[in-house]
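Peer 1: Got a structure here, written out as structure tokens. Questions coming.
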Amino acid sequence: MKTRTARVSIIGMGYVGLCTAATFASRGIRSTGIDIDQERIDQIHRGKTPIHEPDLDRLLKTAVKKKLLDGSTDISRITKTDLTFLTVGTPSRSDGSIDLSFIKSASENIGKALYEKQGFHTVVVKSTVVPGTTNGTVRPILEKTSERSVGVNLGLCANPEFLAEGTAIHDALHPDKIVIGSNDKKSTSQLIKLYRQFYRTKQPPILEMSPESAELVKYANNAFLATKVSFINTIANISEKIPGVDVGRIAEAIGKDIRIGPLFLKAGPGYGGSCFHKDLQALINYGKEHGYNPQLFQATEQVNNDQPGRIIEKAESLLGTFTDKRIAILGLAFKKDTDDIREAASIKVIDRLTDRGAKITAYDPMAIPATKKLLADRIEYAETPQTALKGADCAIMMTEWEQLRKLKAKDFQAYMKSPFVVDARRIYDPDEFKDLNYIATGFGK
Ligand code: UGA
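Taken in order, the sequence shown gives residues -15 to 429; the numbers are from the numbering used here.
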């Protein structure tokens, strides 16, 4: 007998919620995206979101057209669905600990809506939350407001996501794993069935564990990746002390060891983005609150905090002083293919340079509007890399955009006042740049 495909609702149409809704719908799973922001819902209907994510708008547009995706501000719409995914944000408080206020208010609203529903309903916590949140915070609120009990007429799972900005749709369609933190058999098998329908012949491994373990998997995943970046940046900093050493060769060699692997070994200006720093701080805080100081992650963060300073040192070694020097910043986004500048090393570098009297002209193919909101007229903005370089005393390469990778040594020579180049991302060939004053992360001179 053919069973009906479950209908899903997704609460919180931010980055994770939108990508989840769009990919579910693209695989024929009827989805309702719910958000308190009417403008955001209208954008979904138009298939044009304010976030830049390749393929997202196209998937949304098609799904809305096929009536597989619908948006609403009305939370009671969850009662027409079988599973509700919670994808609201979990920002940091000023001390770095996690702010669960959106999780709490969304749980309350879900519970109140479920009070009106007949039959079983499953709630899936997809937001990044510290261990114990699903059962210690979401569950009591849901049970109280819905007057239901987990395992009886309410299902509750933790199901973290591992989407990276810029590749989120691909990551959602081809994940390495599905992690399910399970409380009750019924909701777990409902969720597994949903993912089986989603992935059909290409099933990723499904790992079932306690909700607390699933919650910790998300932090462990990000903490490991961030630590890998700080590790290679540490090796890069040592490499710079040794003539003839190139950290790229070290990374290539150690990456061949299957116990290490080749990914996340690109030395650079330090990790940015909305996740690594936030999640490491939440994990450090969580550890301390529970009587353990995770020193390794403190060191990961410390290395990362110091990395922009090392770029400044390189520029200073070329220029001597920054007073009244014009510096071209090439790339503002925290990584390529995104307009996101949250925690971007570029902003930390710009802040320090302007504090020391430098005049900045910045270029980025996508992140200038976001940077203008943050820095306004503290710096100048260029429409092309060439205009940023014009008359500059020094250029600092901050983001590995393909467009910037294509610049040649002669472009720097042609436009700059003096061809001093700091390549924080190591995207240029030092041999090609040998006639310039070129310093890159992780090259021993
Ligand atoms: C990260 C994780 O990769 C995702 O799996 C996770 O789901 C996401 O956080 C999240 O928690 O939501 P994201 O922050 O989008 O994704 O970006 P990454 O691609 O992981 O890059 C993070 C930073 O590390 C960037 O600044 C990047 O330039 C830097 N990085 C990365 C390096 O400096 N070197 C590398 O080799 C790799």
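No residue lacks a Cβ here, since even glycine has one placed at the ideal position from N, Cα and C.
Starting from F182, trace the alpha helix (DSSP H) in both directions and tell me its first and last residue.
Peer 2: Position 198 of the sequence shown, counted from the first residue, corresponds to residue 182. Where F182 is concerned, the enclosing alpha helix (DSSP H) stretches over 169 to 183.
Peer 1: Can you tell me whether N221 sits near ligand 1, meaning its C-beta is under 6 Å from at least one heavy atom of the ligand?
Peer 2: By 1-based counting over the sequence shown, the position of residue 221 is 237. No - ligand 1 has no heavy atom lying nearer than 6 Å to the Cβ of N221.
Peer 1: Check the DSSP bridge columns for T68 and list the partner residues they point to.
Peer 2: Stepping through the sequence shown from its first residue, residue 68 is reached at position 84. Beta-bridge pairing links T68 to S(-7), V107.
Peer 1: Can you tell which of E131, N289, T112 has its C-alpha closest to the C-alpha of E100?
Peer 2: Along the sequence shown, read from residue 1 onward, the residue named residue 100 stands at position 116. For E100, the nearest C-alpha among the options comes from E131.
Peer 1: Can at least three beta-carbon pairs, one atom from the segment 317 to 329 and one from the segment 270 to 287, be found at a separation below 8 Å?
Peer 2: Counting Cβ pairs under 8 Å, fewer than three are found: no touch.
Peer 1: Whole angstroms are fine: how far does the CA of V(-8) sit from the CA of S465?
Peer 2: With the chain represented from -15 up to 429, any question about residue 465 goes unanswered, as that position is not in the structure.
Peer 1: Three-state secondary structure (DSSP) at D79?
Peer 2: Here residue 79 corresponds to residue number 95 of the sequence shown, with the count starting at 1. Reduced to three states, the DSSP call for D79 is coil.
Peer 1: Could you check the C-alpha separation between W385 and I411 for me, to the nearest Å?
Peer 2: In the sequence shown, counting from the first residue as 1, residue 385 sits at position 401. In the sequence shown, counting from the first residue as 1, residue 411 sits at position 427. In a straight line, the C-alpha of W385 is about 9 Å away from that of I411.
Peer 1: Residues in its own chain within less than 7 Å of M(-15) by CB, not counting five upstream and five downstream?
Peer 2: Locating residue -15 in the sequence shown gives position 1, where the first residue counts as 1. Low confidence applies to M(-15): its pLDDT is 47, below 50, so where it sits in the model is not reliable enough to give any reading.
Peer 1: Would DSSP call Y399 helix, strand or coil?
Peer 2: On the sequence shown, position 415 is the one that residue 399 refers to. Helix, per DSSP.
Peer 1: Please report the Cβ distance between A393 and L314, rounded to the nearest whole angstrom; I am assuming they are in contact, meaning their Cβ atoms lie under 8 Å.
Peer 2: In the sequence shown, the residue the question calls residue 393 occupies position 409. In the sequence shown, the residue the question calls residue 314 occupies position 330. So it is not a contact: roughly 14 Å between Cβ atoms.
Peer 1: Can I59 and A97 be called in contact, C-beta distance under 7 Å?
Peer 2: Indexing the sequence shown from 1 puts residue 59 at position 75. Indexing the sequence shown from 1 puts residue 97 at position 113. Cβ atoms of I59 and A97: closer than 7 Å.
Peer 1: Check whether the Cβ of C259 sits closer than 6 Å to any heavy atom of ligand 1, and report yes or no.
Peer 2: Sequence index remark: in the sequence shown, residue 259 carries index 275 (1-based). The answer is yes for C259.
Peer 1: Considering only the alpha carbon of each residue, which of G228, K169, K110, D155 lies closest to L138?
Peer 2: Taking the sequence shown and counting its residues from 1, the one referred to as residue 138 is at position 154. Answer by Cα proximity: K169.
Peer 1: Following a CB-centred definition, is G315 positioned closer than 6 Å to any heavy atom of ligand 1?
Peer 2: The residue you call residue 315 lines up with position 331 of the sequence shown. Not under cutoff, so the answer is no.
Peer 1: According to DSSP, is R11 helix, strand or coil?
Peer 2: If you number the sequence shown from 1, residue 11 lands on position 27. Note: R11 maps to coil in three-state DSSP.
Peer 1: Are the beta-carbon atoms belonging to L247 and I216 less than 7 Å from one another?
Peer 2: Here residue 247 refers to the residue found at position 263 when the sequence shown is read from its first residue. Here residue 216 refers to the residue found at position 232 when the sequence shown is read from its first residue. For L247 and I216, no; Cβs fall outside 7 Å.
Peer 1: Does ligand 1 have even one heavy atom less than 6 Å from the beta-carbon of L147?
Peer 2: Translated into positions along the sequence shown, residue 147 becomes position 163. Because some heavy atom of ligand 1 lies under 6 Å away, the Cβ of L147 counts as near it: yes.
Peer 1: The alpha helix (DSSP H) with E416 in it runs from where to where?
Peer 2: Locating residue 416 in the sequence shown gives position 432, where the first residue counts as 1. Neither: E416 is in no alpha helix (DSSP H) and is coded neither H nor E.
Peer 1: From T355 to L316, what does the alpha carbon distance come to, in whole angstroms?
Peer 2: Here residue 355 refers to the residue found at position 371 when the sequence shown is read from its first residue. Here residue 316 refers to the residue found at position 332 when the sequence shown is read from its first residue. Their Cα atoms are separated by approximately 8 Å.
Peer 1: Report yes if the C-beta of V431 is less than 6 Å from at least one heavy atom of ligand 1; otherwise report no.
Peer 2: In the structure as shown, the chain starts at -15 and stops at 429, and residue 431 therefore has no counterpart that could be examined.
Peer 1: Measure how close the beta-carbons of A329 and G256 come, nearest whole angstrom, since I'm counting them as under 8 Å.
Peer 2: The residue labelled residue 329 in the question sits at position 345 within the sequence shown. The residue labelled residue 256 in the question sits at position 272 within the sequence shown. Indeed, because the Cβ distance is near 6 Å, the residues count as touching under 8 Å.
Peer 1: Where does the unbroken beta strand (DSSP E) through R310 begin, and where does it stop?
Peer 2: In the sequence shown, counting from the first residue as 1, residue 310 sits at position 326. That run of the beta strand (DSSP E) goes 310 to 314.
Peer 1: Would you kindly work out how many angstroms separate the C-alpha atoms of T74 and E127, rounded to a whole number?
Peer 2: Taking the sequence shown and counting its residues from 1, one reaches residue 74 at position 90. Taking the sequence shown and counting its residues from 1, one reaches residue 127 at position 143. Spanning the two alpha carbons is a distance of roughly 21 Å.
Peer 1: Starting from D41 and walking both ways along the alpha helix (DSSP H), at which residues does that stretch end?
Peer 2: Taking the sequence shown and counting its residues from 1, the one referred to as residue 41 is at position 57. From DSSP, the alpha helix (DSSP H) with D41 extends over 40 to 49.
Peer 1: If you drop the 5 nearest sequence neighbours on each side, which residues of the same chain put their C-beta closer than 8 Å to that of E416?
Peer 2: In the sequence shown, residue 416 corresponds to position 432, counting from 1. Result list for E416: K392, A393, in chain order.
Peer 1: Just to confirm, is the Cβ distance from I331 to I344 under 7 Å?
Peer 2: Taking the sequence shown and counting its residues from 1, the one referred to as residue 331 is at position 347. Taking the sequence shown and counting its residues from 1, the one referred to as residue 344 is at position 360. Result no, Cβ atoms of I331 and I344 do not sit closer than 7 Å.
Peer 1: Spatial neighbours of K309 within its chain, please: C-beta separation below 8 Å, excluding the five flanking residues on both sides.
Peer 2: Within the sequence shown, the letter at position 325 stands for residue 309. So the list reads L303, G341, A342, K343, D377, C378, once near-sequence residues are dropped.
Peer 1: Rounding to the nearest angstrom, what Cα-Cα distance links G12 and L52 in this structure?
Peer 2: The count along the sequence shown starts at 1 and reaches residue 12 at position 28. The count along the sequence shown starts at 1 and reaches residue 52 at position 68. In a straight line, the C-alpha of G12 is about 7 Å away from that of L52.
Peer 1: Under 6 Å: does the beta carbon of K319 sit that close to some heavy atom of ligand 1?
Peer 2: By 1-based counting over the sequence shown, the position of residue 319 is 335. Yes, ligand 1 has a heavy atom inside 6 Å of this Cβ.
Peer 1: State buried or exposed for H274, treating a residue as buried only when at least 16 other CB atoms are found within 10 Å of its CB.
Peer 2: One-based indexing of the sequence shown puts residue 274 at position 290. The residue is exposed, with fewer than 16 neighbouring Cβ atoms inside 10 Å.
Peer 1: By how many angstroms is the C-alpha of F306 removed from the C-alpha of I153?
Peer 2: Counting from one through the sequence shown, the residue named residue 153 turns up at place 169. Counting from one through the sequence shown, the residue named residue 306 turns up at place 322. I153 and F306: Cα-Cα distance of roughly 42 Å.
Peer 1: Where do the N-terminal and C-terminal ends of the alpha helix (DSSP H) with N269 fall, by residue?
Peer 2: By 1-based counting over the sequence shown, the position of residue 269 is 285. Unbroken alpha helix (DSSP H) run through N269: 260 to 273.
Peer 1: With M381 and L388 assumed to form a contact (beta carbons below 8 Å), what rounded beta-carbon distance in angstroms separates them?
Peer 2: Indexing the sequence shown from 1 puts residue 381 at position 397. Indexing the sequence shown from 1 puts residue 388 at position 404. The pair is a contact, with the Cβ atoms about 6 Å apart (cut-off 8 Å).
Peer 1: Quick check: is any heavy atom of ligand 1 less than 6 Å from the C-beta of V213?
Peer 2: Walking along the sequence shown from the start, residue 213 turns up at place 229. Yes, the Cβ of V213 comes within 6 Å of a heavy atom of ligand 1.
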